[in-house]
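With the numbering used here, you'll find the sequence shown wraps up at 366, consecutive numbering, no jumps.
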Amino acid sequence: MGKDEDTPDAQGAGVETLTPVPSPAMTDGILGKAATMEIPIHGNGEAGQLPEDDGLEQDLQQVMVSGPNLNETSIVSGGYGGSGDGLIPTGSGRHPPHSATPAGPGDEIARGIAGEKFDIVKKWGINTYKCTKQLLSERFGRGSRTVDLELELQIELLRETKRKYESVLQLGRALTAHLYSLLQTQHALGDAFADLSQKSPELQEEFGYNAETQKLLCKNGETLLGAVNFFVSSINTLVTKTMEDTLMTVKQYEAARLEYDAYRTDLEELSLGPRDAGTRGRLESAQATFQAHRDKYEKLRGDVAIKLKFLEENKIKVMHKQLLLFHNAVSAYFAGNQKQLEQTLQQFNIKLRPPGAEKPSWLEEQ
């Protein structure tokens, strides 16, 4: 009977053991495994590629070369700013916390990248917010703006000059297209006159000298087209490369100026607030950030001033040569002075392709 009485108790005990209450160590282990499931780990301990980030492999290489020392990075389950008691074990939940297997190097690298990206996004968000706030304040007349009157005047003059040179460039390209069409027409007309000169004995002389005139005009037109194309090419380089390079620096300067004013306004607001232990820490941090943006602003302002100076000197030098070329070539062409027209091209080292080309590409790119 004693054996029969013990049997139900044993079976009852067996039923109870099917649904045990998880211990704290097992709960921590399960949570640790769930927290690490987002980062797949290969058998050799290296991090696998995250499907949501195709550029992770390149980020890993960059961190390995220039990133922080990941051996000094602690990983906590409480997120950023969590306590050290929440260290995530990577072992099974069956083992106690003190015997958990430490995270592999691939896990640490992936988490280091995640932390680095979070910091970058956080700084970008704060900076964007401050700059947007400053920009809106300036637009609505509520905020102050740092202005260098002399430099701003030079920048505006450069933009106006660029618009006018772009207009000249567009007209020069139109002139090139018209000259090419004229040359094609003159060439065809000369061939027609020459053909009629052979087939019309009674008008052979008249058709003959008209054919020679059109051929001569066509030859001079090719020389003029070469000069005009060289003029257009030089203006295009000046506008799309030299001026555009200076304006790119101007854009960087204007962005730095906006950041400088945004952090200056932030520092002024903190300076007017109450002074306690927490405020003093934020004030020192704001002062350091403001100084860094101030140095960047001053550097770019100096770069813009230097580029504007060199651009003006280069523009005068280039345009003096190109305007002289354009004047001499056009004057010689319409005066019918073939010798002077050829001397003009020799003076500016302009070379033409051999005769017979039928497209504008026969011109040498200067």
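In this text, a Cβ means the ideal position worked out from N, Cα and C, and glycines have one as well.
Item to check | Given L258 as reference, the closest of K123, A335, N127, V330 once Cα atoms are compared | outcome: N127
Checklist entry - Do you know offhand how far L157's Cα is from V147's? => result 16 Å
Item to check | the stretch 225-237 touching the stretch 320-332, judged by at least three CB pairs closer than 8 Å | outcome: yes
Item to check | Close Cβ partners of L308 (< 7 Å) along its chain, the five nearest in sequence each way excluded | outcome: Q154, L158, T246
Checklist entry - Got a sec? Which residues, its chain only, sit under 7 Å from N210 by beta carbon, not counting five neighbours each side? => result F193
Next on the checklist: Judging by CA-CA distance, which residue of A262, K315, G112 is the nearest neighbour of Y129?
Outcome noted: Scanning A262, K315, G112 for the CA closest to the CA of Y129 turns up A262.
Checklist entry - If we count the other Cβ atoms within 10 Å of its Cβ and call it buried at 16 or more, is L300 buried or exposed? => result buried
Checklist entry - When you compare only the Cα positions, how much space is there between E138 and E254? => result 13 Å
Item to check | Own chain, CB closer than 7 Å to V318, minus 5 neighbours either side, in chain order | outcome: S234, L238, listed in sequence order.
Checklist entry - Can you name the start and end residues of the alpha helix (DSSP H) that M319 belongs to? => result 277-335
Checklist entry - For D195, does the three-state DSSP call read helix, strand or coil? => result Here D195 carries a helix assignment [DSSP, helix/strand/coil].
Item to check | Cβ pair G221, L183 closer than 7 Å | outcome: yes
Next on the checklist: Assuming contact is defined by CB atoms lying nearer than 7 Å, are V232 and R163 in contact in what I supplied?
Outcome noted: With a cutoff of 7 Å on beta-carbon distance, V232 and R163 are scored as not near each other.
Checklist entry - Using the beta-carbon count (16 or more within 10 Å), is F118 buried or exposed? => result Flag for F118 reads exposed.
Checklist entry - Can you check whether the CB of D266 is closer than 7 Å to the CB of A286? => result yes
Checklist entry - Quick one: Cα of V250 to Cα of E269, how far? => result Put simply, the backbone Cα of V250 is about 29 Å away from that of E269.
Checklist entry - Out of curiosity, what's the CA-to-CA distance linking G203 and T223? => result Inspection of the sequence shows that residue 203 is occupied by Leu rather than by Gly. Cα-Cα distance, rounded: 31 Å.
Next on the checklist: If you reduce the DSSP assignment to three classes, tell me which class T240 lands in.
Outcome noted: helix
Checklist entry - Under a three-way DSSP split, which group does D245 fall into? => result Helix at D245.
Item to check | Opening and closing residue of the alpha helix (DSSP H) in which T344 lies | outcome: 338-347
Next on the checklist: Let me check understanding here. Comparing Cα to Cα, which of G281, T279, E298, A277 lies closest to A256?
Outcome noted: Taking A256 as reference, the option from G281, T279, E298, A277 with the minimal CA-CA separation is E298.
Checklist entry - Are A370 and Q340 closer than 7 Å when you measure CB to CB? => result This structure cannot settle anything about residue 370, because the visible part of the chain is limited to 1 through 366.
Checklist entry - Using DSSP with H/G/I as helix, E/B as strand and the rest coil, what is T161? => result helix
Next on the checklist: Classify C218: buried if its beta carbon has 16 or more other beta carbons within 10 angstroms, exposed otherwise.
Outcome noted: buried
Item to check | S197 beta carbon less than 7 Å from that of G208 | outcome: yes
Next on the checklist: Contact defined as beta carbons within less than 8 Å: I believe L311 pairs with M248. What is the distance between those atoms, to the nearest angstrom?
Outcome noted: About 12 Å separates the two Cβ atoms, so there is no contact after all.
Next on the checklist: Suppose contacts are defined by Cβ-Cβ distances below 7 Å. Is Q252 in contact with Q214 by that definition?
Outcome noted: no
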